[in-house]
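J.:
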Amino acid sequence: TPIVGSSAPHMQETVEEEQAKSRYTDPDQAADFVKRTGIDTLAVSVGNVHGVYKTAPKLDLDLLGKLRDRLSCFFSLHGGSGIPDDQVKKAIEVGRIVKINVNSEMRIAYRETLEKVLDKSDEVAIYKIMPDVIAAVQEVVEKKITLFGSAGKAS
Numbered sequence: 236t237p238i239v240g241s242s243a244p245h246m247q248e249t250v251e252e253e254q255a256k257s258r259y260t261d262p263d264q265a266a267d268f269v270k271r272t273g274i275d276t277l278a279v280s281v282g283n284v285h286g287v288y289k290t291a292p293k294l295d296l297d298l299l300g301k302l303r304d305r306l307s308c309f310f311s312l313h314g315g316s317g318i319p320d321d322q323v324k325k326a327i328e329v330g331r332i333v334k335i336n337v338n339s340e341m342r343i344a345y346r347e348t349l350e351k352v353l354d355k356s357d358e359v360a361i362y363k364i365m366p367d368v369i370a371a372v373q374e375v376v377e378k379k380i381t382l383f384g385s386a387g388k389a390s
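Each residue of the sequence shown is one higher than the one before, starting from 236 at the first, in this note's numbering.
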């Protein structure tokens, strides 16, 4: 389910419009790049997009599987906000995903909660209005930690 409530311009576009502007990771090019650079983690494009849109992304898990079979490195999903939980879980299972960026979801939680708190209060002492905002961001982070299978694990 896409995140709602944000009036950001990209929220007016479908994710398909943004995906059409992107190039998905080519396994041959990626293999050459990994071989030449020796990197240990590659940010892949398999339908993930930066930001949150009015429709949810659909990851190309077949492509992710081909990348996994072809490359020895780990993968990162930049643009992980708004990807449905079931696809995130499957991507982690399929493709050696070790890092997922979800900054947009945290920023939206921050902004929406801050706006609600400010609408209900004339308080000017920032420390008095921030606990609800911090809690909203913390809730997003804790849910993601659980979703990613990282709860209770040390870094």
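Backbone N, C-alpha and C fix where the C-beta goes; we use that ideal spot for every residue, glycine too.
In this text the structure is predicted, and so the values were computed from the model without any measurement.
(1) Please state whether the Cβ-Cβ distance between residue 265 and residue 299 is less than 8 Å.
(2) Considering only their Cβ atoms, is the gap separating residue 248 from residue 289 smaller than 8 Å?
(3) Could you check the C-alpha separation between residue 332 and residue 323 for me, to the nearest Å?
(4) Does the Cβ of residue 260 have 16 or more other Cβ atoms within 10 Å, making it buried, or fewer, making it exposed?
(5) Using the three-state DSSP reduction, which class does residue 289 fall into: helix, strand or coil?
(6) Nearest-angstrom Cα distance between residue 281 and residue 376?
(7) Could you tell me the distance, in whole angstroms, from the CA atom of residue 386 to the CA atom of residue 373?
(8) To the nearest angstrom, report how far apart residue 318 and residue 355 are at their CA atoms.
(9) So residue 309 is in the beta strand (DSSP E); what residue range does that whole segment cover?
(10) Between residue 185 and residue 312, how many whole angstroms is the CB-CB distance? I'm expecting something under 8 Å.
(11) Please state if the CB of residue 308 and the CB of residue 275 are separated by a distance shorter than 8 Å.
(12) Would you mind giving the Cβ-Cβ distance between residue 330 and residue 310, rounded to the nearest angstrom? I have them listed as a contact below 8 Å.
(13) Alpha carbon to alpha carbon, what distance is there between residue 381 and residue 389?
(14) Where does residue 388 sit, in a helix, a strand or coil, going by DSSP?
T.: According to the structure data:
(1) Your numbering for residue 265 matches position 30 in the sequence shown. Your numbering for residue 299 matches position 64 in the sequence shown. In this structure, residue 299 does not lie closer than 8 Å to residue 265 by Cβ.
(2) As a working mapping, residue 289 is identified with position 54 in the sequence shown. As a working mapping, residue 248 is identified with position 13 in the sequence shown. Contact: yes.
(3) Taking the sequence shown and counting its residues from 1, the one referred to as residue 332 is at position 97. Taking the sequence shown and counting its residues from 1, the one referred to as residue 323 is at position 88. Take the alpha-carbon of residue 332 and the one of residue 323: they are about 9 Å apart.
(4) Taking the first residue of the sequence shown as 1, we reach residue 260 at position 25. Result: buried.
(5) Translated into positions along the sequence shown, residue 289 becomes position 54. In the three-state reduction of the DSSP assignment, residue 289 falls in the coil class.
(6) As a working note, residue 281 is residue 46 in the sequence shown. As a working note, residue 376 is residue 141 in the sequence shown. Their Cα atoms are separated by approximately 23 Å.
(7) For the purposes of this step, residue 386 is taken as the residue at position 151 of the sequence shown. For the purposes of this step, residue 373 is taken as the residue at position 138 of the sequence shown. So the alpha carbons of these two residues sit roughly 14 Å apart.
(8) Here residue 318 refers to the residue found at position 83 when the sequence shown is read from its first residue. Here residue 355 refers to the residue found at position 120 when the sequence shown is read from its first residue. A straight-line Cα-Cα distance of about 32 Å links residue 318 and residue 355.
(9) Locating residue 309 in the sequence shown gives position 74, counting from the first residue. Per DSSP, residue 309 belongs to the beta strand (DSSP E) from 309-312.
(10) Residue 185 cannot be examined here, being either before or after the span of the chain that is shown, 236 to 390.
(11) By one-based count along the sequence shown, residue 275 stands at place 40. By one-based count along the sequence shown, residue 308 stands at place 73. Yes; because the gap between Cβ atoms is below 8 Å, this pair is in contact.
(12) Residue 330 sits at position 95 when you count from the first residue of the sequence shown. Residue 310 sits at position 75 when you count from the first residue of the sequence shown. Right, the Cβ-Cβ distance comes to about 5 Å (below 8 Å), so this counts as a contact.
(13) Here residue 389 refers to the residue found at position 154 when the sequence shown is read from its first residue. Here residue 381 refers to the residue found at position 146 when the sequence shown is read from its first residue. Distance between the alpha carbons of residue 389 and residue 381: 13 Å.
(14) On the sequence shown, residue 388 is found 153 positions in, with the first residue counted as 1. Residue 388 falls in the coil class under three-state DSSP.
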